[in-house]
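Take a look at the structure below.
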Amino acid sequence: MVVLVTGSKGQLGQSLQFIASNYLDISFVFCASSDLDITNTENCQVVFSKYKPNYCINAAAYTAVDKAETEPEKAHLINVIGAKNIAIVCKENNCILLHVSTDFVFDGDYSNLSPRAQSRGYSEEDIPNPTGVYGQTKLEGEKAIQAITDKYYIIRTSWVYSQFGNNFMKTMLRLASDRDTLSVVNDQIGTPTNAVDLAECLVKIIQIDNQQLTTDNFGIYNFSNEGQCSWYDFAKKIFEFNKIKINLLAIPTSSFPTPAKRPSYSVLDKSKIKNVFSFAVEEWEDSLNRIKK
Numbered sequence: 000m001v002v003l004v005t006g007s008k009g010q011l012g013q014s015l016q017f018i019a020s021n022y023l024d025i026s027f028v029f030c031a032s033s034d035l036d037i038t039n040t041e042n043c044q045v046v047f048s049k050y051k052p053n054y055c056i057n058a059a060a061y062t063a064v065d066k067a068e069t070e071p072e073k074a075h076l077i078n079v080i081g082a083k084n085i086a087i088v089c090k091e092n093n094c095i096l097l098h099v100s101t102d103f104v105f106d107g108d109y110s111n112l113s114p115r116a117q118s119r120g121y122s123e124e125d126i127p128n129p130t131g132v133y134g135q136t137k138l139e140g141e142k143a144i145q146a147i148t149d150k151y152y153i154i155r156t157s158w159v160y161s162q163f164g165n166n167f168m169k170t171m172l173r174l175a176s177d178r179d180t181l182s183v184v185n186d187q188i189g190t191p192t193n194a195v196d197l198a199e200c201l202v203k204i205i206q207i208d209n210q211q212l213t214t215d216n217f218g219i220y221n222f223s224n225e226g227q228c229s230w231y232d233f234a235k236k237i238f239e240f241n242k243i244k245i246n247l248l249a250i251p252t253s254s255f256p257t258p259a260k261r262p263s264y265s266v267l268d269k270s271k272i273k274n275v276f277s278f279a280v281e282e283w284e285d286s287l288n289r290i291k292k
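Start counting the sequence shown at 0; every next residue gets the next number (numbering that gives the first Met the number 0).
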């Protein structure tokens with residue numbers, strides 16, 4: 000079984016490489032943007048023709064949330080046109096697509112949520128309403144895939160971090176190395192997701208799908224670690240687990256304005272993915288404590 004991974008130099012791509020040796024039944028092909036430019040249709044066709052993948056994990060994305068507000072064309076090119084190109088070549092090659100999306104497809108307005116969503120988080124059936132360019136382009140990418148191929152798994156995730164790439168955890172550790180005090184917002188609520196756990200989730204979906212002659216499991220799924228917290232809570236645990244003493248201040252979002260509006264609440268309900276694939280999802284604190292840095 001051949002699994003082609005786009006965006007191999009990103010933190011999810013590196014996390015997939017980190018676990019790849021555990022899956023001897025899978026031949027992984029890791030493609031950085033220099034190997035596979037998802038915005039180039041011809042390049043996509045050449046690479047897929049060469050490797051003939053059974054599955055493609057599209058981990059390539061424009062994820063600079065604030066920068067997207069001033070680079071909407073670039074975000075659209077990668078997140079929409081790129082997703083469309085990958086969906087086209089997947090369909091042409093009878094390849095099943097696993098595409099990673101985001102909690103930013105939701106506006107995060109807690110007051111407008113149903114009582115079920117307020118207690119369990121956004122489900123796959125809740126109506127997206129992105130408030131910024133990043134979330135909008137990721138949603139348009141989802142729709143482009145759905146319009147082109149029936150054989151897809153779209154996995155929405157949130158607050159991704161790992162020992163690889165650039166992320167909140169590594170930023171906090173870097174800032175703590177030369178500061179005595181840090182201020183972090185405490186009124187945005189979501190769930191941190193260890194990119195290695197997300198990588199394991201994607202591979203498990205592939206293994207289960209590959210064992211079935213036919214499947215009606217295609218569609219949109221949520222995946223993050225369990226539980227919920229604020230960015231302040233997240234930072235506090237990062238420092239606690241790494242035994243770093245720092246004066247950590249909780250501040251409201253209004254005290255830390257950013258070009259892109261963040262969802263104030265973006266917890267994702269994992270009921271569907273746990274039921275369909277029999278997943279046991281680890282609590283975010285436990286998963287964070289496993290890597291620490």
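Where is the CB? At the ideal position from N, CA and C, for every residue including glycine. Quick caveat, the model's predicted, so the values are computed rather than measured.
Query                                                                                                                                                : Result
Taking the continuous beta strand (DSSP E) assigned at L23, which residues delimit it?                                                               : Where L23 is concerned, there is no enclosing beta strand (DSSP E), given that its DSSP letter is neither H nor E.
Using a 10 Å radius around the Cβ and a threshold of 16 neighbouring Cβ atoms, would you call L138 buried or exposed?                                : buried
Does the segment 91-100 come within contact of the segment 151-160, defined as at least 3 CB pairs closer than 8 Å?                                  : yes
In this structure, how does DSSP classify S113 when only helix, strand and coil are distinguished?                                                   : coil
Looking only at its own chain, which residues have a Cβ that is under 6 Å from the Cβ of F278, when we skip the five neighbours before and after it? : I272
Classify T62: buried if its beta carbon has 16 or more other beta carbons within 10 angstroms, exposed otherwise.                                    : buried
Could you tell me which residues DSSP puts in a beta bridge with G282?                                                                               : Looking at the sequence provided, one finds Glu at residue 282 rather than Gly. Answer is E225.
Which whole-angstrom value describes the C-beta separation of M0 and I18, a residue pair presumed to lie in contact below a C-beta threshold of 8 Å? : Going by Cβ atoms, the distance from M0 to I18 rounds to 15 Å, so no, they are not a contact pair.
Report the partner residues of H98 according to the DSSP bridge assignment.                                                                          : N57, I153
Counting only the same chain and skipping the five closest in sequence on each side, list residues whose C-beta sits under 6 Å from that of I294.    : Nothing about residue 294 can be read from this structure; the chain reaches only from 0 to 292.
So what's G9 in DSSP terms, helix, strand or just coil?                                                                                              : coil
Less than 8 Å between the C-beta atoms of C89 and T148, yes or no?                                                                                   : yes
How many Å lie between D300 and P258 at the Cα?                                                                                                      : An answer regarding residue 300 cannot be provided, because it is not within the stretch 0 to 292 covered by the chain.
Check the C-beta distance from T38 over to L11 and give it rounded, since I have them as a contact under 8 Å.                                        : Actually they do not touch by this definition, with Cβ atoms about 18 Å apart.
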